[in-house]
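Engineer: Mind having a look at this structure? Questions to follow.
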Amino acid sequence: MRRRRIAVPLGLICSALVLAGAGRPKPAAPPASAPRVDHILLEVKNMDRSLKFYRDELGLKPEKPVKAGDDFVVLQAANVGVALWTKHWDWSPEPKDDRAPQGMYPHVVLSDVRGTVERLRKDGYKVVAEPKGFFYGTEAFVADPDGFVWSLISQ
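Residue numbers (this note's numbering): 3 to 157.
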């Protein structure tokens, strides 16, 4: 008899808990892994000038051999690709002026920011902000031939 008195209230409690949660949505399962940025695409005016900056000056490696006349080249950093494209998306209006791109500042980690900045300056690239020491390392900002500003960091 004693077991029956316990079993009935316990059964009622469990039923009440199940019914109370019946109308609530289940929480979303966490993603299996975080999304991955594959590459950033930059519309460039001159592939040769852009390759000189990204490949020759910053040391990014082409995914495949670059041929004369290529209008699309992907260069690899350690963790993300930088795609250079000399065409323009057909869904976006052509820019009407030569304003420099703005609002996005990709960061690349190098072993020697100060030396890289001096070499870039000597080769005619615009140094937007001189190397400066911060708690996370040395950082400078430089512009590529199309005006995209990049942060250079050494840690």
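All C-beta atoms, glycine included, are put in the ideal place defined by N, C-alpha and C.
(1) Between Val111 and the rest of its own chain, which residues show a CB-CB distance below 6 angstroms, the 5 nearest in sequence each way excluded?
(2) From the DSSP secondary-structure annotation, give me the bridge partner or partners of Lys134.
(3) Is the segment 115-127 touching the segment 88-102, taking contact as three or more C-beta pairs under 8 angstroms?
(4) So, for Leu60: in the same chain, excluding its five sequence neighbours on each side, which residues have a beta-carbon less than 7 angstroms away from its beta-carbon?
(5) For Lys47, I'd like the list of residues in its chain whose CB is within less than 6 angstroms of its CB, leaving aside the five on either flank, ordered along the chain.
(6) Please report the distance separating the alpha-carbon of Met87 from that of Leu43.
(7) Where DSSP assigns a beta bridge to Pro64, which residues make up the other side?
(8) Taking Val129 as the reference, which of Leu53, Ala70, Ser35 and Gly117 has the closest Cα?
Structural biologist: Well, looking at it:
(1) Ile155
(2) Glu141
(3) no
(4) Val110
(5) Asp148
(6) In the sequence on display, residue 87 carries Trp and not Met. Rounded to the nearest angstrom, the two C-alpha atoms are 7 angstroms apart.
(7) Leu77
(8) Gly117
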